[in-house]
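A.B. asks: Provided herewith is a single structure, encoded as structure tokens, for subsequent inquiry.
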Amino acid sequence: KSSDVIKMLAICRPVLRTATFTKALNIAVTSRSFSAAAEHPWIAKVPAPSSFTAEERVLTFLAANVGAGNLKGIEQDWQYLPNAEHGKGLEVILQAHTLAGFPRTINALIKVHELGLHPEGTKHFDEHHNLESWKTAGAETLQTVYGPISEKMRSNFRTMHPLLENILVEHIYGRVLSRPLVGLRMRELCTLSIIAGQNLPLQVVSHIRGSIRCGATREEVRTVVEQTHLVWGGKAQEQARAILAKTL
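Residue numbers 279 to 526, in the numbering used here, belong to the letters of the sequence shown in order.
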């Protein structure tokens, strides 16, 4: 709930001045001037198909910067994310905790609250707390992303640790990735943008394939891989390219 987010921010960042923090929590950003997503300086660095909009690409930049803990990058991305996309931006940051951990997700949320959050971004804070629906949605989403190997993967996770399968299905793919504001295509492309730089070849293969299963084109997947160096550096870029060449 929004009240829980507010409490977490207050606990994690007591050094914020009261006036500044109150302003952020009151979502007072309607007078702030945001640049168009197409003007983001990274957009021109890597070509992309017309199906991959500038707003969507900024979300993938944001995801990667959250995963890398790059607060300056997050600040830049937020400045070029249109107000109407703030809700999606929050969703992308929220899902990053499943890939990069809570500390970087918390720090990213603190940063965007400092920068300012448009009222549009607060409309999807709440959720219907229902474990059974998370189980059902999680199983369906997992099947969509992983296709024929989803049952084998669940079995392997169960063998490694029974709770790992529950966390995977109920929390990651049910409670988080099945939230409605951001579709699976974009969630997978954002996931790929995070893991492409972390020396995780098995997971990169899975999410290249998962992105395509969820509706991304090969050109969109290639664009995400080709922009890896912007956040993760040249070595990660070459590694991701090599995996992509073997996978597609």
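Each residue gets a CB set at the ideal place from its N, CA and C atoms; glycine is no exception.
Should residue 511 be labelled buried (16 or more other beta-carbon atoms within 10 Å of its own) or exposed?
C.D. replies: Looking up residue 511 in the sequence shown gives position 233. Answer is exposed; the Cβ neighbour count stays below 16.
A.B. asks: How many Å lie between residue 494 and residue 391 at the Cα?
C.D. replies: Walking along the sequence shown from the start, residue 494 turns up at place 216. Walking along the sequence shown from the start, residue 391 turns up at place 113. Approximately 30 Å between the Cα atoms of the pair.
A.B. asks: Just mark residue 441 as buried or exposed, buried being the case when its beta carbon has 16 or more other beta carbons within 10 Å.
C.D. replies: On the sequence shown, residue 441 is found 163 positions in, with the first residue counted as 1. Per the 10 Å Cβ criterion, exposed.
A.B. asks: For residue 344, which residues of its own chain have a beta-carbon under 8 Å away from its beta-carbon, when the five flanking residues on both sides are left out?
C.D. replies: Working through the sequence shown from its first residue, we reach residue 344 at position 66. Only 352, 370, 371, 374, 378, 382, 383, 386 and 472 meet the Cβ criterion.
A.B. asks: With a 10 Å radius around its C-beta and 16 neighbouring C-beta atoms as the bar for buried, classify residue 342 as buried or exposed.
C.D. replies: Taking the first residue of the sequence shown as 1, we reach residue 342 at position 64. Buried, since its Cβ has 16 or more Cβ neighbours within 10 Å.
A.B. asks: Flag this pair as yes or no: are the beta carbons of residue 463 and residue 402 separated by less than 9 Å?
C.D. replies: Walking along the sequence shown from the start, residue 463 turns up at place 185. Walking along the sequence shown from the start, residue 402 turns up at place 124. The answer is no: Cβ separation not under 9 Å.
A.B. asks: Measure the C-alpha to C-alpha separation of residue 317 and residue 326 and round it to an integer number of angstroms.
C.D. replies: Indexing the sequence shown from 1 puts residue 317 at position 39. Indexing the sequence shown from 1 puts residue 326 at position 48. The alpha-carbon atoms of residue 317 and residue 326 are separated by roughly 14 Å.
A.B. asks: With a floor of 4 residues, list each alpha helix (DSSP H) that falls wholly inside the segment 337-420, ordered by position along the chain.
C.D. replies: You should have 349-358, 364-373, 375-378 and 380-393.
A.B. asks: Which ranges would you report for the beta strand (DSSP E) in the segment 416-490 if only whole runs of at least 3 residues count?
C.D. replies: Correct list: empty.
A.B. asks: Quick check: the segment 477-494 against the segment 413-431, are at least 3 beta-carbon pairs closer than 8 Å?
C.D. replies: Output reads yes: the segment 477-494 touches the segment 413-431.
A.B. asks: Assuming residue 485 contacts residue 466 (C-beta within less than 8 Å), just tell me the rounded distance between them.
C.D. replies: In the sequence shown, the residue the question calls residue 485 occupies position 207. In the sequence shown, the residue the question calls residue 466 occupies position 188. Indeed, because the Cβ distance is near 6 Å, the residues count as touching under 8 Å.
A.B. asks: So residue 501 is in the alpha helix (DSSP H); what residue range does that whole segment cover?
C.D. replies: Taking the first residue of the sequence shown as position 1, residue 501 is located at position 223. That run of the alpha helix (DSSP H) goes 496-504.
A.B. asks: Out of 445, 499, 459 and 444, point me to the one whose CA is closest to residue 469's CA.
C.D. replies: Translated into the one-based positions of the sequence shown, residue 469 becomes position 191. Nearest of 445, 499, 459 and 444 to residue 469, Cα basis: 499.
A.B. asks: Going by beta carbon distance, what residues of the same chain come within less than 6 Å of residue 508, once the five residues before and after it are set aside?
C.D. replies: Within the sequence shown, numbered from 1, the residue matching residue 508 stands at position 230. 320.
A.B. asks: Mind checking whether residue 412 and residue 452 have CB atoms under 9 Å apart?
C.D. replies: Position 134 of the sequence shown, counting from 1, holds the residue named residue 412. Position 174 of the sequence shown, counting from 1, holds the residue named residue 452. In contact: residue 412 and residue 452 (Cβ atoms closer than 9 Å).
A.B. asks: Our contact map puts residue 506 next to residue 523 with C-beta atoms below 8 Å; I'd like the distance itself, whole angstroms only.
C.D. replies: Taking the first residue of the sequence shown as position 1, residue 506 is located at position 228. Taking the first residue of the sequence shown as position 1, residue 523 is located at position 245. So it is not a contact: roughly 14 Å between Cβ atoms.
A.B. asks: Beta-carbon within less than 6 Å of residue 349's beta-carbon, same chain only, minus the 5 sequence neighbours each way: which residues are those?
C.D. replies: The count along the sequence shown starts at 1 and reaches residue 349 at position 71. These residues qualify, in order along the chain: 389.
A.B. asks: I need the straight-line Cα distance from residue 429 to residue 393, nearest angstrom please.
C.D. replies: In the sequence shown, counting from the first residue as 1, residue 429 sits at position 151. In the sequence shown, counting from the first residue as 1, residue 393 sits at position 115. Approximately 42 Å between the Cα atoms of the pair.
A.B. asks: Can you tell which of 347, 418, 366 and 407 has its C-alpha closest to the C-alpha of residue 380?
C.D. replies: Taking the sequence shown and counting its residues from 1, the one referred to as residue 380 is at position 102. The residue with the shortest Cα to Cα distance from residue 380 is 347.
A.B. asks: For a test of the three-state rule: what should DSSP assign to residue 320, helix, strand or coil?
C.D. replies: Taking the first residue of the sequence shown as position 1, residue 320 is located at position 42. Three-state DSSP puts residue 320 in coil, outside helix and strand.
A.B. asks: Out of 444, 501, 513 and 454, which has the shortest C-alpha to C-alpha gap to residue 477?
C.D. replies: For the purposes of this step, residue 477 is identified with residue 199 of the sequence shown, where counting begins at 1. Minimum Cα distance to residue 477 is reached at 513.
A.B. asks: Take residue 362 and list the residues in its own chain whose beta-carbon comes closer than 7 Å to its own, dropping the five residues that flank it on each side.
C.D. replies: For the purposes of this step, residue 362 is identified with residue 84 of the sequence shown, where counting begins at 1. So the qualifying residues of the chain are 398.
A.B. asks: I need the straight-line Cα distance from residue 408 to residue 415, nearest angstrom please.
C.D. replies: Within the sequence shown, residue 408 is the residue found at index 130, counting from 1. Within the sequence shown, residue 415 is the residue found at index 137, counting from 1. Going from the Cα of residue 408 to the Cα of residue 415 covers about 11 Å.
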